[in-house]
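Peer 1:
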Amino acid sequence: MRGTILSSVATLALMTTAAIAGGKVTVITSFPDSMTGPIEAAFEAAHPEFDLEILNKKTSAGVKYIQEIAGDNTADIFWASAPDAFEVLKGDQLLSKVTITSEGIPDRIGAYPLNDPEGYYFGFAGAGYGIMWNERYLKANDLAPAKEWMDLAGAEYHGHVGMSAPSRSGTTHLTVETLLQGEGWDQGWSQWKRIAGNFRTVTERSFGVPDGVNTGNFGLGIVIDFFGFSSKASGFPVDFAYPTVTALVPANVAVVADAPNEDGAVTFINYMLTPEGQSVLLDPAIMRLPINPATYAEAPEGFPNPFEDSTIGASVKFDVEKSGARYNLVNSMFDVMITYRLDDLRAAVGALHEAEARYSETGNEEAKALIDEAWALIDANPIDEAQSLDPEFAGIFTKKRRKATDEVGERQAEIEQRWDAFVVENYARATELANKAAAM
Amino acid sequence: MSSSSSSSGAQAAGLSDRVPNWLVPNLSGLHIAAVLIALLLIGLLLVPVAQVMIVAFQDPATGAATLQNFVDFFGTSLFRESFWNSFYVSAMSVVVATAIALPLAYITTRFHFSGSILIQSLGFIPLIMPPFVGAVAMQLIFGRNGTVNLLLRDWFGISIPFMEGLNGVILVQSIHYFPFILINLSASLRNIDRSMEEAAQNLGSHGMRLFRRIVFPLAMPGYIAGAALVFIKVFDDLGTPLLLNVNNMLAPQAFLRISSIGISDPMGYVISVILVVFSILSLWASFLFMRGKDYATVQKGGGGMAKRSLKPLEKTLAYGTVILILLVVLSPHLGLLLLSFGTIWSFAPLPDGYTLQNYITMWEGSKTFILNTVLYAGIAATLDVIIGTAIAYIVLRTGIFGRKALDYLATAALAVPGVVLGIGYLRTFHQIDVPFTGEPMASWWVIIALALMIRRLPYALRACTAALQQVSLALEEAAESLGATKRRTIQKVVIPLMTGGILAGFVTSFATAAVELSATIMLVSSNNDAPLAYGIYLFMQTPSGRGAGAALGIVAVIVVAIGTIASQIIIERDKKLKASGDAH
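If you read the sequences in order, they're chains A and B.
When we follow the working numbering, the leftmost residue of the first sequence carries the number 1, and every step to the right adds one.
When we follow the working numbering, the leftmost residue of the second sequence carries the number 441, and every step to the right adds one.
1) Rounded to whole angstroms, what is the Cα-Cα separation between S526 of chain B and F675 of chain B?
2) Could you tell me whether the stretch 896-907 of chain B touches the stretch 663-680 of chain B, using the rule of 3 or more Cβ pairs below 8 Å?
3) Counting only Cβ pairs nearer than 9 Å, list the residues of chain B close to P290 of chain A.
4) Quick check on T203 of chain A - is its C-beta less than 8 Å from some C-beta in chain B?
5) Can the beta-carbon of G975 of chain B be found closer than 8 Å to that of G782 of chain B?
6) Just the C-alpha distance for A428 of chain A and Y340 of chain A, rounded to the nearest angstrom, thanks.
7) Note down, in chain order, all residues in the stretch 854-881 of chain B with a beta-carbon under 7 Å from any beta-carbon belonging to chain A.
8) Is any beta-carbon of chain B found at less than 8 Å from that of S34 of chain A?
9) Are F564 of chain B and T1004 of chain B touching if we call contact CB-CB under 8 Å?
10) Could you list which residues in chain A have their beta carbon closer than 8 Å to that of T783 of chain B, in chain order?
11) Using DSSP with H/G/I as helix, E/B as strand and the rest coil, what is L94 of chain A?
12) Mapping DSSP to helix, strand and coil, what is K232 of chain A?
13) Assign R401 of chain A to one of three DSSP states: helix, strand, or coil.
14) Would you please state the rounded distance, in angstroms, between the beta carbons of S96 of chain A and A259 of chain A? I believe it to be under 8 Å.
15) Residues of the stretch 977-1011 of chain B with a CB closer than 9 Å to any CB of chain A: list them in chain order, please.
16) Give a yes or no on whether the C-beta atoms belonging to D824 of chain B and R902 of chain B are separated by under 8 Å.
17) If I'm right that V330 of chain A touches V176 of chain A with Cβ under 8 Å, what's the distance once you round it to whole angstroms?
18) Mapping the DSSP letters down to three states, classify D406 of chain A as helix, strand or coil.
19) Using a 10 Å radius around the Cβ and a threshold of 16 neighbouring Cβ atoms, would you call E204 of chain A buried or exposed?
20) Would you list the one or two residues that DSSP bridges to K24 of chain A?
21) So, K322 of chain A versus Q191 of chain A, is the Cβ gap smaller than 8 Å?
22) According to DSSP, is A75 of chain A part of a helix, a strand, or is it coil?
23) Which of the three DSSP states is assigned to T822 of chain B in this structure?
24) At least one CB of chain B closer than 8 Å to the CB of V423 of chain A: is that the case?
25) From the beta carbon of G1085 of chain B, is the nearest beta carbon of chain A less than 8 Å away?
26) May I have the straight-line CA-CA distance separating D420 of chain A from M337 of chain A, to the nearest angstrom?
27) Counting only beta-carbon separations shorter than 8 Å, does L55 of chain A have a partner in chain B?
28) Among the residues of its own chain, which have a CB less than 7 Å from the CB of K24 of chain A, if the five just before and after it don't count?
29) Are R867 of chain B and V492 of chain B touching if we call contact CB-CB under 8 Å?
30) S533 of chain B to G708 of chain B, Cα distance in whole Å?
31) Can you pull the chain A neighbours of F564 of chain B, defined as C-beta to C-beta under 8 Å?
32) Hey, would you say Y157 of chain A sits closer than 8 Å to G216 of chain A, going by beta carbons?
33) Whose C-beta lies closer than 7 Å to the C-beta of R200 of chain A among residues of the same chain, with five residues either side of it excluded?
34) Can you give me the C-alpha to C-alpha distance between T506 of chain B and G864 of chain B, rounded to a whole angstrom?
35) Using a cut-off of 9 Å between C-beta atoms, extract the partners of T215 of chain A located in chain B.
36) For S771 of chain B, I'd like the list of residues in its chain whose CB is within less than 6 Å of its CB, leaving aside the five on either flank, ordered along the chain.
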């Protein structure tokens, strides 16, 4: 009796697998259903022998998931925006090196190399960072949309801006790093802190920013382009623009090491790079920049084309190695100086805006000196660029010991506490100076 | 040991007489149950969590065992501040939640008040709102540019910062968790012996004094159980502060540090350990507070306190209070309802237009989510009340060695952040294969149900413990002296008397398991296995999916509300049966 049950279970199992010859392809992705749905449908129509199984996880959770299941891997594909997440997986030898046959795909999008030079992961769509705003909110608050990053630091935007933290969102990390590379370390951080002084909030998820702008919780957000395009396409009273200093970076896809269905995984990646697969990206709910220049012929009016419009994302040569070397360090600095001390920073910058407004009336030079001193305190960084690129120092933030004998000098907690004390004191002193200047 | 000795009859019995007592324990069914539960808790809670938490005790540089990380924790001003913020928010949430729950519980149990069942059920509904959905809806209503503030600004030129910083967390948490107090307090109030109150009245006590000196103290076990739950839940709740983007609290600090890409900062794990320890301390404090106070009442026939009819003026006042409270606590649901029927809702008091399209979109892709949720939450809640009743009985009625540990262990699940449990399960169960199918156990749907069971066990346990505390030992002794066996006593006397509490526990576990996300999001390995909260999360990640996500949220609320109202009706009927039994 038991034997009969067992064998019928086995037959049933065989039958279900036989129904789909190519088998199941398991995809771990951070992309929303509205994006994976149309692509899945198009792929399964073109390749009915495969069954795409989509598993949606936040990028960070997806990376953790693949790391945790590595011993007995069940995932075939990792599919997400942030190249850094792929770098982490590649570093852990969790990606498989495969050969992709695609035609008509250029080597670069903007200034960013499209594929991993070693062939572990591949770009399939482009994305750039920019500013998104809510028309109704701006109108009600009598504001004009900001066009450049530094516009967001203007006094009129105080408390109206939102952004995600780079430690929370791989795409936000790229935005932060882009400015640091485009403007230089000190200048870049100074700009970030002045913009952050206008933040209403630092959101926990990258989607929290478009969500906040869509609902009108805050007026302007620093977001990746497709959030702006797809929100607009869904009917929200919002719009989006690229500032001059931005990087276009690819969204990526890779085959996971020891994939149960590598064949199916490679077929899927190949399909996405065909003109057919690329045109799905123009679906109103997706709105990503195709990387096949030919696909832009089908794009709707006004859709940006980075392959023709050279102003998009051309001004920064994004250095992936530099970014990778200090990845966690930059995240930690942003959190310590901005995310966790936003109230202090906002108070200081707000006070400075007032002091500056007052100075423009009085022209008091003594006040001006205090204002400059206060700005210098806000701009001050706990470490310089050389230290950020020192592998030994940056290593404190990754804690990846190659051997048991490896010693990492200080602990992250010690350093963060020192930075925290540094910025808290500086922000408090800056507020004091600003108030003093405003009273003059 | 005992099984081998029992096999060889009389000789073994002789042997067991000679060896010390502790070596051959008298293994009753209760002992076996205790051992099984202990194994279950160790396997499903302790081991997985230890797999993750061990990082807190390792030197990040060398991997050697160390306590240095804890020194760092207390040496970091940000963490000290986070600790204080978490404490402040938890304490304030208990205060605000009490202010909401007490009038509702009192009015509905103390007076003849039509619609009591409805109010009790409605009052429960806030708990079944997935936390992130609740925060979205609350932002739309109370946020900086939400309905209330936009209208206030238009009419009076003012705005009230309901949702700014810690205020927002306290407001959302109180509205979300006050049902814990409501449900436990109501159960306690119903169980108060009428004769106590009558005795007090005979001695001339009435009004506030009666409430303060007699009624409230007698309802203390339920209130403390509820308040302790609120405190602990708020203390380690992650979803609400995260969604309101409040980072300077302990749970978000732990989460942010554990879940960032490529970061293996031990501080996240240190905070998790501290959360667990602090929660256990709070529970211990609540036990200390209750110790030595006997709240059991012998007579159960009275069916709770005498109900009084209200005078017309009092009635108006009572209805006014109840309606006002319900309006506030149900505002997230109103917001969600509007969102689910709305087209675009942006910087406006109400959506621009209304449509059914969201429900159509939702229905096309969500049937499995709904079925899965009912299945998982059903399994989890059923196991929870069985285990919860068993633990409560073992702790309160037996002298089994380590019984307190069982209680603390089960309760400690409260303090384990869902992410930590999720990662722990992946680490523990990924290498074990499910019999027959050969897939890793970590990607088997049953694991999701078990994770939910562990996460919600403390709720059921508190409810069952409070219920048992109010059953007088004398009743059991009476049954046993009349010749009933222990087993029969439990079956025929204890459990029937605990019905209300057990049902309360089931409903709490089921409803909250149905909307749980943090552990499941780590464990879902296929969209076909995904529960409802995960489906809402998927929808809510896209600008076009907000309406559909809200529609699915409404379905979640309705599914759980039906369950809640059904069990309320059962409780009421049970009460009436008892009351009529008394009359005969």
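Backbone N, C-alpha and C fix where the C-beta goes; we use that ideal spot for every residue, glycine too.
Peer 2: With the structure as the only source:
1) Cα-Cα distance, rounded: 6 Å.
2) By the criterion of at least three beta-carbon pairs nearer than 8 Å, the stretch 896-907 of chain B is in contact with the stretch 663-680 of chain B.
3) Near P290 of chain A there are no residues of chain B at all, since even the closest Cβ is about 19 Å away, more than 9 Å.
4) It does; some Cβ of chain B falls within 8 Å.
5) No, the Cβ-Cβ distance between G975 of chain B and G782 of chain B is not below 8 Å.
6) Per the coordinates, the alpha-carbon of A428 of chain A lies some 15 Å from the alpha-carbon of Y340 of chain A.
7) Those residues of the stretch 854-881 of chain B that come within reach of chain A (Cβ to Cβ, closer than 7 Å) are I863, L866, R867, H870, Q871, F876 and P880.
8) Using a CB distance cut-off of 8 Å, S34 of chain A counts as an interface residue toward chain B.
9) It is a contact, given that the beta carbons lie within the stated cut-off.
10) Neighbours of T783 of chain B on chain A, chain order: G235.
11) Three-state result, L94 of chain A: coil.
12) In this structure, K232 of chain A counts as helix in the three-state DSSP scheme.
13) Interpretation of R401 of chain A is limited by its pLDDT of 43, a score under 50 that renders its predicted location unreliable; the figure taken from the coordinates is listed afterwards. Correct three-state label for R401 of chain A: coil.
14) Right, their Cβ atoms sit about 6 Å apart.
15) Of all residues in the stretch 977-1011 of chain B, Y977, L978, F979, M980, Q981, T982, P983, S984, G985 and R986 have a Cβ within less than 9 Å of some Cβ in chain A.
16) No, these two residues do not count as a Cβ contact at 8 Å.
17) Distance from V330 of chain A to V176 of chain A at the Cβ level is roughly 6 Å; contact confirmed, criterion being Cβ atoms closer than 8 Å.
18) Unreliable placement is indicated for D406 of chain A, whose pLDDT of 46 sits below 50; no coordinate value is reported for it.
19) Burial is judged here by how many other beta carbons sit within 10 angstroms of a residue's own beta carbon; E204 of chain A has at least 16 and is buried.
20) In DSSP, K24 of chain A forms a bridge with A:D51.
21) The Cβ-Cβ distance between K322 of chain A and Q191 of chain A does not fall below 8 Å.
22) Coil.
23) Of the three classes helix, strand and coil, the one that applies to T822 of chain B here is helix, per DSSP.
24) No - not a single Cβ of chain B is within 8 Å of the one on V423 of chain A.
25) Any question about residue 1085 of chain B goes unanswered here, given that chain B covers just 441 to 1024.
26) Those two C-alpha atoms are separated by around 7 Å.
27) For L55 of chain A, the answer is yes, since a Cβ of chain B falls inside 8 Å of its Cβ.
28) Excluding its 5 nearest sequence neighbours in each direction, K24 of chain A has C-beta neighbours in its own chain below 7 Å: D51, E53 and N261, listed in chain order.
29) For R867 of chain B and V492 of chain B, yes; Cβs fall inside 8 Å.
30) Their Cα atoms are separated by approximately 24 Å.
31) Contacts between F564 of chain B and chain A, judged by CB atoms closer than 8 Å, are missing: the closest CB pair is about 28 Å apart.
32) The answer is no: Cβ separation not under 8 Å.
33) Cβ within range, chain order: G159, H160, V161, G162 and F218.
34) The straight-line gap from Cα to Cα measures roughly 21 Å.
35) What T215 of chain A touches in chain B: V576, Q579, L580, G583, N585, G586, W785, S786, F787 and R986.
36) Within the same chain, S771 of chain B has close Cβ partners I581.
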